[in-house]
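Protein sequences, first through last, are from chains A and B. So in the numbering used here the end of the first sequence lands on 470, straight run, no missing numbers. So in the numbering used here the end of the second sequence lands on 1347, straight run, no missing numbers. The C-beta atom is built at its ideal place from N, Cα and C for all residues, glycine as well. Below: the structure, in structure tokens.
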Amino acid sequence: MDALDVARWQFGVTTVYHFLFVPITIGMSLLVAIMQTIWYRTRDEKWLRLTKFFGKLFLINFAMGIVTGIVQEFQFGMNWSDYSRFVGDVFGSLLAIEALVAFFLESTFLGLWIFGWDRLPKPIHLATIWAASIGTILSMYFILAANSWMQNPVGFHINPDTGRAELNSIGALLTNKVTLATFPHTFFGALMVAGGLIVAVALWHLYRGKDEQKPAFRTALTFGGWVTVLATAGTLVSGDFQGKIMTEVQPMKMAAAEGLYETTSSAPFSLLTIGSLDGSREVFAITIPDLLSWLGKGDIHAEIEGINNLQEQYSAQYGAGVNYAPIIPVTYWSFRMMIFFGLAAGALALLTLWMTRKGRTPTSKLLLTAVLTLPILPLVANSFGWIFTEMGRQPWLVFGEMLTRDGVSRSVSMAEVITSFTTFTLLYAALAVVEVKLLLKYAKGGLPEIHPEPDDDEKDDADRPLAFAY
Amino acid sequence: MDLATFWFILIGVLFVGYFVLEGFDFGVGMLLPVLGRDDRERRVVINTIGPVWDGNEVWLITAGGAMFAAFPEWYATLFSGFYLPLLLILVALIVRAVGFDYRGKRTDAAWKRNWDIAIIFGSYAPALLWGVAFANIVRGVPIDGNFDYTGGFFNLLNPYALLGGVTMVALCLTHGAVFLALKTEGDIRVRANRIAGRAGLVTAVLAVAFLAWTVTSFGGNAASVATAVVAALALVGALLANRAGREGWAFVGTAITIGLAVVTLFTVLFPNVMPSSTDPANTLTIANASSTPYTLKIMTWVALLVTPVVLLYQGWTYWVFRKRIGVHHIPDDGAVSSPAGSAIGGA
């Protein structure tokens, strides 16, 4: 263990933790905006109550997303200063543009939305949640562009004098094919989480909630269920597309996803492998013939490059003495866990829709228990997806350009990194407990009452309590 | 003026925006235990910044992003060098933000008290540490030939930097008190006004001492002396306006003071971005720390197009929530199960 390892662990922990909140923010801001739009169009009070109810769950989560995001931005400079020096020109500019274009939009308009219920005319108030949601989605785009550049660096050259990456095409950077593939995949993945959250909460209320609120929650259940099912389909299609791009630009990552050591035509895909501990030999496996070739290249007979062949090729290209393969068990299992948990979420959402069709309320306690995991399954899938994509890039920090070990801060001591790693891990653990408790409390609390709007005489009354206050 | 200089100025502007805006909401957090004698009053205090504090914090994120993009060497040296202070700032900002959002989500007193502590700590600590950090940047720190910071944590705790930290706390506190006097009504307004007057006197002494030390010892020129003098005069003007009960003008005054104090630091720093106390040859400058002209050009276009729009909608937010708040505006502290009005956040 040295400072590099601790810094990597810290990056992993803080990033995965941050990304527990991000999908909910992305998905819920959009779904709440849609709910409020339906209310605005139909004036059906049920949708207003759902907007406010799910809006509150969204906000409890949003605070955590924001604060853990600041840590991400600071972390590059604190723990990875040599990386920052190397890529500031390219990667830094995306972060700066993200802040300017997206963060201001998101946080300012969310403040207006939260506190503006009785201060803004209805259409303008509706526009504020859409502005916040668009800010969130833009933010996702820029950060994915930054990450995709690390996976597939484009639009730059290395300055031979300074040894630094210098941007030469912003167009190439923003249209990186990895970004274009990752964006829909991440977006649909986020919608799966948000949809799953709505389904779980709504079904709980159908079982345990107040009778008066059940019709509204039934509507929410159908809404969330369809969102989850459609988002699962979107995640699958975009994931397939992404797999093909990945095979093209990061063949080692795809080989590591299967643990494919030798270059193979008509490569199979294994659902499960029990191998020797070092991962070099297979003891037992369940495999689907040809699937890896199809996933990677869209052709069941295609040749997929193996780890050993790529290692030879990279040793010749980038220099010998480095293991260019990521940790195979991590990539192998995170890839499968991503797919498994994602598919399970989609199937469960579909089952729920079937069981509750035409106004039915299933009596199965088992279904209720299973559906309560529905927000968690896609969240776990999201996390494994990130672990796969980041661990699969190793040993590179920027593929083909900078090794991870070369990016760490030289001036930061082991003691400092351990201090911050411990601090963040403990703080995050404590906050996670608080957040989950609050979410559960408010999720169980049910829909808010809607009071009739004050008539015009009262509207100017300066002493009327605020519609929203902390 | 080349683009790197333009970005040095723009980063200065972003930090001015950050300290002027988050400065008053830090001050509001600091005054939470002083002005909020009961829960209802504390909620008045917090709600004065409710709709805006989050947007204010984005100024910091943007300033950090702009440093990363426009001066990667500066960002890398500063963030890895000032490791522990930044860690503390992050922890403080995290618990503070979560505190604002969560304190009202349960009604028991212990819960609220704990989050109040988080908000108070989260408001003092960043103000103090940013003051220490910026004073050290101006003063110069040990930097080696690789642009790596070679001092430890305690190297940052020198008298000048500590004065910078305390001054920043005092400025934010006064700025926050004036803001509260501007945004509240009734008894709280009167007390906020009184605190602003008292804290303002102490702040004036500290600010004058710190600015004088800055311009006399670290390469001050005519421009930085001018900004420092105007900053001090604005504070005096703010105190007079506060005494006359003209809260709007008092707030303009403290905003100018904080803004020009930051401008003074950047002016003294120019054309360096982080002087090395080890060897002047290792000093990070606008020229040797900046990105390439192409990146700066792209970012300049984005900044020129987007910044005015951001200023417009943030300004609009302040306009929408311009009304004063008093205790009678605070809805009852309803529990979740007993719906409190049509409030999204309920309590």
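The residues L1235, in chain order, have a CB closer than 6 Å to that of A1204(B) in the same chain once the five nearest residues on each side in sequence are set aside. For S84(A), the residues of chain B that pass the 7 Å Cβ criterion are F1068, P1072, Y1075, A1076, in the order they occur in the chain.
Of all residues in the stretch 402–419 of chain A, only S409, R410, S411, V412, S413, E416, V417, T419 come within less than 9 Å of chain B when Cβ atoms are compared, listed by chain position. Excluding sequence positions up to five before and after A302(A), its CB lies within less than 6 Å of the CB of S293, all in the same chain and listed in chain order. Under the Cβ criterion (8 Å, minimum of three pairs), the stretch 166–176 of chain A counts as touching the stretch 145–155 of chain A. When the alpha-carbon of P1331(B) is set against those of T1107(B), M1067(B), G1081(B), the nearest one is in T1107(B). Contact residues of the stretch 1076–1090 of chain B toward chain A are A1076, T1077, L1078, F1079, S1080, G1081, Y1083, L1084, L1086, L1087, L1090 (C-beta to C-beta distance below 8 Å). At a cut-off of 7 Å between C-beta atoms, A1110(B) does not count as an interface residue with respect to chain A. For E45(A), no CB of chain B lies under 7 Å from its own CB, so it is not counted at the interface with that chain. For V398(A), the uninterrupted beta strand (DSSP E) segment begins and ends at 396–398. Taken atom to atom, the span from the alpha-carbon of L353(A) to that of A200(A) is near 12 Å. Chain order gives no chain B residues near E212(A), where near means a beta carbon separation below 7 Å; the closest approach is about 12 Å. Excluding residues up to 5 positions away in sequence, S383 lie with their Cβ nearer than 6 Å to the Cβ of V16(A) in the same chain.
When Cβ-Cβ separations below 7 Å define contact, S238(A) makes no contact with chain B. Distance between E73(A) and V67(A), taken at the CA atoms: about 11 Å. Nothing from the stretch 1111–1127 of chain B brings a Cβ to less than 9 Å from some Cβ of chain A.
Taking 7 Å as the threshold, the shortest C-beta distance from G77(A) to chain B falls below it.
Residue range 1272–1274 is occupied by the beta strand (DSSP E) that includes N1272(B), with no alpha helix (DSSP H) assigned at that position. For the stretch 150–181 of chain A, the set of residues with a beta-carbon nearer than 7 Å to any beta-carbon of chain B comprises E166, L167, N168, I170, in chain order. For L100(A), there is no enclosing alpha helix (DSSP H), as DSSP marks it with neither H nor E.
When 8 Å is used as the limit between beta carbons, L1093(B) is near these residues of chain A: V67, I70, in chain order.
Excluding its 5 nearest sequence neighbours in each direction, G259(A) has C-beta neighbours in its own chain below 7 Å: T273, G279, I328, Y332, listed in chain order. Along the length of the stretch 1250–1296 of chain B, whole beta strand (DSSP E) runs at least 3 residues long occupy 1272–1274, reported in chain order. Counting C-beta atoms within 10 angstroms of its own C-beta, G224(A) has 16 or more neighbours from the protein chains shown and is therefore classed as buried. Distances from the alpha-carbon of T1184(B) to those of R1324(B), N1114(B), P1033(B), F1121(B) put R1324(B) closest. At a cut-off of 7 Å between beta-carbon atoms, I1330(B) makes contact with chain A. Inter-residue distance for M1274(B) and G407(A) is about 22 Å (C-alpha atoms, whole angstroms). In the three-state reduction of the DSSP assignment, Y332(A) falls in the helix class, which pools H, G and I. Shown here, E401(A) sits in coil according to DSSP, grouped into three states, outside any helix or strand.
Within the stretch 92–150 of chain A, the complete alpha helix (DSSP H) segments at least 4 residues long are 93–98, 104–115, listed from N- to C-terminus. Interface criterion not met: the Cβ of V1215(B) is under 7 Å from no Cβ in chain A. Sorting I1011(B), F1008(B), G1050(B), D1101(B) by C-alpha distance to the C-alpha of V1028(B) places G1050(B) at the top. For A1097(B), the residues of chain A that pass the 8 Å Cβ criterion are A63, I66, V67, in the order they occur in the chain. Ranking V1306(B), D1039(B), L1129(B) by CA distance to the CA of G1164(B) puts L1129(B) first.
Boundaries cannot be given for F1082(B), as no beta strand (DSSP E) includes it and DSSP labels it neither H nor E.
Chain A has no Cβ within less than 7 Å of the Cβ of G1259(B).
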